[in-house]
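Protein chains: 2
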Amino acid sequence: MRHPTLEDVAARAGVSRALVSIVVRGAPGASEATRQRVLSIADELGYRPDSRARLLAGRRSRLLGVTLTLNHPFHADLAEHIYSAAEQRGYEVVLSAVTSNRPPQKAIDTLLDYRCEAAILAGALTREPELTALGERLPVVVLGQRTRSQAVDVVRTADTQGIRLAVDHLAELGHRAIVHVDGGRAPGSAARRSAYRTAMHRRGLAEQARVVPGGEAEEDGAAAARELADRTPPTAVLTYNDRCAVGLLDVFVRAGIAVPDDISVVGYDDSPVARLPHLRLTTVSQDAAQLASLAVQRAIARLEGGAVDAREVVLTPHLAVRGTTAPPR
Amino acid sequence: MRHPTLEDVAARAGVSRALVSIVVRGAPGASEATRQRVLSIADELGYRPDSRARLLAGRRSRLLGVTLTLNHPFHADLAEHIYSAAEQRGYEVVLSAVTSNRPPQKAIDTLLDYRCEAAILAGALTREPELTALGERLPVVVLGQRTRSQAVDVVRTADTQGIRLAVDHLAELGHRAIVHVDGGRAPGSAARRSAYRTAMHRRGLAEQARVVPGGEAEEDGAAAARELADRTPPTAVLTYNDRCAVGLLDVFVRAGIAVPDDISVVGYDDSPVARLPHLRLTTVSQDAAQLASLAVQRAIARLEGGAVDAREVVLTPHLAVRGTTAPPR
DNA sequence: GCGGCGTTCTAGAGCGCTCTAGTTCTCTGG
DNA sequence: CCAGAGAACTAGAGCGCTCTAGAACGCCGC
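Which chain is which? The protein sequence lines are A and B, in order. Positions 9 to 337 (the working numbering) are the ones given, in order, by the first sequence. Positions 9 to 337 (the working numbering) are the ones given, in order, by the second sequence.
Here it is, written out as structure tokens:
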């Protein structure tokens, strides 16, 4: 009934515990013949190494802690890629969710209790002092967010550039009245807002720049859409994220405003929903796979003492042009 | 730099390791005075118990393993409630994600490697033999899915009843041509399909029963909607889940088909999206909090040898009537 | 003044593993 | 024929904790 241990396998194979340990770890120091024999016995007994004991005994735990928000589709993407990137390099991943009644600090604490060697924070809007304190204890990579803390690495996408791509795309189609529905107090919203202003300015459209309060959820986009539909509507809208854009689109369609004929819409994130055949949302795309892989790579580089060039890696986003943008009529 | 251990706290407090252990665990056997003193020293040193060592040494790990699908909004809800239900009862939770390149078996294996005492499977469509094998090793609670395996507990919502509620609601509004857009090969789809047929039959609408192939994603709903719009459209549609309903709604609105005036739509899941102000989708609601709490309760009951009455707990769903249903015109 | 009892504390084994420092056993070359 | 190298294997300590068994210390009643 109980789990078989190294001891059990060793006894059955007639070798020492240490040898079995060498074999199951794939470490050098065992002949091919015994390797095969031990492995087959381990298999037969249904032996699985106890990660608690392994973690405790080893000087390295090879454990990467990841915090994330469960209900955020982009984070699901990230997590998936973090798993595979870590696995490829021989690291394990332990997840800790940030939810409405499980604050970032709690999520981080449980990670620490697992004695992971490095932390990748995707879901945690941790404030700078806490972040710095954490960064002094172990390598920390903040994913997708800016921070002033010098104690942590950052892997993110260039928001400024993403917004500029969107504005440029719309401007090149001939739009001038391009409105930005912002993210309210959501993370990164302020940065995107000012990037929008700058981009409009560069296009000589500073006069037309107009920011409408939004948020990170569909309903925020919907509220903004109702406000836009009431007044003189713009010819194009750039939203804080895809969810917001979806809310917007829904209200527009119901109000008989055709997208992209009457109005063009650009989202941000390239989340799965943007790719849906009936939506085909033009959106700024962040490469989740690359973001994840870089974050993992960075964390591991810090751990293994490899050279880590810059504290911050900024990826270039690209614009996924789909069906919600067209020249104004 | 290194983590302080029990030893460090003990040395500083001038007591034995065992006493410190007693204090930090809150176990009986220490005087109030030393308790306070040890606690404050532990705090001062920033001591945090090492969960690996704790797990290894204790005969109980008080660890609950949970598998889930990251991109499923309902699972995010569940996870959140599982966390708090477990915490309330003094158990910890370790999450293991099922993703497109991380099959259920892998997710379960990593849980096992953490030596959790019981497993709650929300994301894993595990086949019966594997499930039975797992159930023989440790208490397993399958969440939201039926299974024939007698080795595991099941906590789920009565699909049959949920579907019947929806059909009854539509029938009472006066609908007769009620179509079901099914979930294809998605889990539980077959059960919902036959529940639909039965419910229609009970209403004397067996003749009108019509199933259109769908799926679990928005695009599946959209495809079904296009098919429905082409032929003689029904007056009401009941979908496999909310995501499917959202795809459906989108196509209808774009095609100028008014909801609920021309056609009523009922979803399934009561996911956050259904509650959005601009959608207000009528849907069958599963109580995530209760589902989660029951699952945790069951797992713990099995562990602690409490009486567990039935192998299966079936919750009663209810219908959240919102804005997408109305009498036919 | 002494056995008995409850409370507070400690010594030390042991959880399943990894790792260092051997030991043994070939297999060479001079 | 033996020193030396290298491969294959082992003994045993130790990771940070929990837990059992028992020690030390009052405090009671007789």
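All C-beta atoms in this analysis are idealised placements derived from N, C-alpha and C, irrespective of residue type, glycine included.
### Message
Is it buried or exposed, residue 58 of chain A, if we count other Cβ atoms within 10 angstroms and call 16 or more buried?
### Response
Counting Cβ neighbours within 10 Å, residue 58 of chain A comes out buried, since at least 16 surround it.
### Query
If residue 232 of chain B and residue 186 of chain B are in contact, beta carbons under 8 angstroms, what's the gap, nearest whole angstrom?
A Cβ-Cβ distance of about 14 angstroms is found for the pair residue 232 of chain B and residue 186 of chain B, leaving them out of contact under the 8 angstroms criterion.
### Task
Using alpha carbons as the reference points, say which of B:323, B:66, B:160 and B:153 lies closest to residue 142 of chain B.
Answer by Cα proximity: B:160.
### Query
Going by alpha carbons, who is nearest to residue 195 of chain B out of B:222, B:214 and B:26?
Distances from the alpha-carbon of residue 195 of chain B to those of B:222, B:214 and B:26 put B:222 closest.
### Message
Tell me which residues of the region 45-59 of chain A have at least one Cβ-Cβ distance to chain B shorter than 8 angstroms, keeping chain order.
### Response
Cβ contacts with chain B: 56, 57, 58 and 59.
### Query
DSSP on residue 105 of chain A, reduced to helix/strand/coil?
Here DSSP, grouped into helix, strand and coil, assigns residue 105 of chain A to strand.
### Pair within 7 angstroms by beta-carbon distance, residue 258 of chain A and residue 281 of chain A
No; because the gap between Cβ atoms is not below 7 angstroms, this pair is not in contact.
### Query
Leaving out five residues before and five after residue 95 of chain B in sequence, what residues of the same chain have Cβ atoms less than 8 angstroms from its Cβ?
Closer than 8 angstroms at the Cβ level, and outside the excluded window around residue 95 of chain B, lie 101.
### Message
On the DSSP bridge list, what partners appear for residue 128 of chain A?
### Response
In DSSP, residue 128 of chain A forms a bridge with A:74 and A:149.
### Message
Can you tell me where the alpha helix (DSSP H) holding residue 64 of chain B begins and where it ends?
### Response
Counted as a single uninterrupted DSSP element, the alpha helix (DSSP H) harbouring residue 64 of chain B occupies residues 59-65.
### Task
Find out if the Cβ-Cβ distance for the pair residue 111 of chain A, residue 134 of chain A is shorter than 7 angstroms.
Result no, Cβ atoms of residue 111 of chain A and residue 134 of chain A do not sit closer than 7 angstroms.
### As assigned by DSSP and simplified to three states, the class of residue 286 of chain B
Of the three classes helix, strand and coil, the one that applies to residue 286 of chain B here is coil, per DSSP.
### Query
Of all Cβ atoms in chain A, is any one closer than 7 angstroms to the Cβ of residue 122 of chain B?
Judged by the 7 angstroms Cβ criterion, residue 122 of chain B is in contact with chain A.
### Burial state of residue 69 of chain B (16 or more Cβ within 10 Å)
Under this definition residue 69 of chain B is a buried residue.
### Task
Please go through the same chain and pick out, in chain order, the residues whose beta-carbon is closer than 7 angstroms to the beta-carbon of residue 325 of chain B, but skip the five residues on each side of it.
Answer for residue 325 of chain B: 165, 166, 169, 170, 173, 292, 293 and 294, listed in chain order.
### Query
Cα separation between residue 2 of chain A and residue 137 of chain A?
Residue 2 of chain A is absent from the model: chain A starts at 9 and stops at 337.
### Query
In chain A, what lies closer than 7 angstroms to residue 282 of chain B by C-beta?
By Cβ distance, chain A contributes nothing, its closest Cβ being about 11 angstroms from residue 282 of chain B, past 7 angstroms.
### Task
Compare the beta carbon distance of residue 31 of chain B and residue 43 of chain B with 7 angstroms and say whether it is the shorter of the two.
Residue 43 of chain B sits close to residue 31 of chain B, with the two beta carbons spaced by under 7 angstroms.
### Query
Between which two residues does the alpha helix (DSSP H) containing residue 183 of chain B stretch?
It is not in any alpha helix (DSSP H) - residue 183 of chain B carries neither H nor E in the DSSP assignment.
### Ordered list of alpha helix (DSSP H) runs contained in the region 273-321 of chain A, each at least 4 residues
Taking only runs of at least 4 residues, the alpha helix (DSSP H) segments lying wholly in the region 273-321 of chain A are 296-311.
#### Entry: residue 254 of chain B at chain A interface by Cβ criterion, 7 angstroms
With respect to chain A, the C-beta atom of residue 254 of chain B has no partner C-beta closer than 7 angstroms.
### Any C-beta of chain A under 7 angstroms from that of residue 107 of chain B
Chain A has a Cβ within less than 7 angstroms of the Cβ of residue 107 of chain B.
#### Entry: residue 110 of chain B (DSSP reduced to helix, strand or coil)
Residue 110 of chain B falls in the strand class under three-state DSSP.
#### Entry: Limits of the unbroken alpha helix (DSSP H) element including residue 231 of chain A
That run of the alpha helix (DSSP H) goes 226-238.
### Task
From the DSSP output, read off the bridge partner residues of residue 165 of chain A.
Paired residue(s): A:323.
### Task
Show which residues of chain A have a CB atom less than 7 angstroms away from the CB atom of residue 81 of chain B.
Residues of chain A passing the Cβ test: 79.
### Task
Go ahead and label residue 36 of chain A buried or exposed: buried means 16 or more other beta carbons lie within 10 angstroms of its beta carbon, across all protein chains shown.
Residue 36 of chain A comes out exposed.
### Message
7 angstroms is my cut-off, CB to CB: does residue 84 of chain A come that close to chain B?
### Response
Chain B has a Cβ within less than 7 angstroms of the Cβ of residue 84 of chain A.
### Endpoints, alpha helix (DSSP H) assigned at residue 50 of chain B
DSSP places residue 50 of chain B in the uninterrupted alpha helix (DSSP H) bounded by 40-53.
### Task
Taking 7 angstroms as the cut-off, decide whether the C-beta atoms of residue 299 of chain B and residue 189 of chain B are in contact.
In this structure, residue 189 of chain B does not lie closer than 7 angstroms to residue 299 of chain B by Cβ.
#### Entry: Reduced DSSP secondary structure (H/G/I, E/B, other) of residue 139 of chain A
Here residue 139 of chain A sits in helix by DSSP.
### Query
What are the boundary residues of the alpha helix (DSSP H) that includes residue 247 of chain B?
For residue 247 of chain B, there is no enclosing alpha helix (DSSP H); the residue is part of the beta strand (DSSP E) that begins and ends at 244-247.
### Query
Within 7 angstroms (strictly less), CB to CB, does residue 61 of chain B reach chain A?
Chain A contact via Cβ: present.
### Three-state secondary structure (DSSP) of residue 32 of chain B
In the structure shown, residue 32 of chain B sits in a helix (DSSP, three-state: H, G or I).
### Task
Look up residue 330 of chain B in the DSSP assignment and say whether it is helix, strand or coil.
Coil, per DSSP.
### Task
Taking residue 334 of chain A and residue 268 of chain A to be in contact with their CB atoms under 8 angstroms, please state how far apart those CB atoms are, rounded to whole angstroms.
Contact between residue 334 of chain A and residue 268 of chain A holds: CB atoms are separated by about 4 angstroms, below the 8 angstroms threshold.
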